[in-house]
Structure formats: C-alpha cells, structure tokens
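Undergrad:
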Amino acid sequence: MYLNRGVYNPADAILLLVEGVAALACVPLLAAGVVTSVVAWKKRDK
1 MYLNRGVYNP ADAILLLVEG VAALACVPLL AAGVVTSVVA WKKRDK
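Numbered per the UniProt record's numbering, the sequence shown spans residues 1 to 46.
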C-alpha cells in the first residue's frame, strides 16, 4: 500500500496538467464569449 503512494504515476500528472490547462483556458474563452455577444448585441442595436 505504501509503495503505491511513493510511485510516480504519469497518468495522474497528465490528468492534473490537462485539468489545470482546461481551467486556465476556460477563463479567456468565457471572457471572449461575453465580449463577442456584447459586440454582436450592440451592432444589432444600431
């Protein structure tokens, strides 16, 4: 059991990396989506 904890698991590291990148990418994507919809809404308003 203690061996499992000490062994470096690349799959876990990759999963953490992917989750971190996804979380970081989510913020600018959301911001871009909001800006795009606001711009489109303002253009339609004129």
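All C-beta atoms, glycine included, are put in the ideal place defined by N, C-alpha and C.
Can you grab the Cα-Cα spacing for the pair VAL21 / ALA32, in whole Å?
TA: So the alpha carbons of these two residues sit roughly 17 Å apart.
Undergrad: Give the straight-line distance between the Cα atoms of ASN9 and VAL35, rounded to the nearest whole angstrom.
TA: Spanning the two alpha carbons is a distance of roughly 40 Å.
Undergrad: Do you know offhand how far ALA23's Cα is from LEU29's?
TA: Approximately 10 Å between the Cα atoms of the pair.
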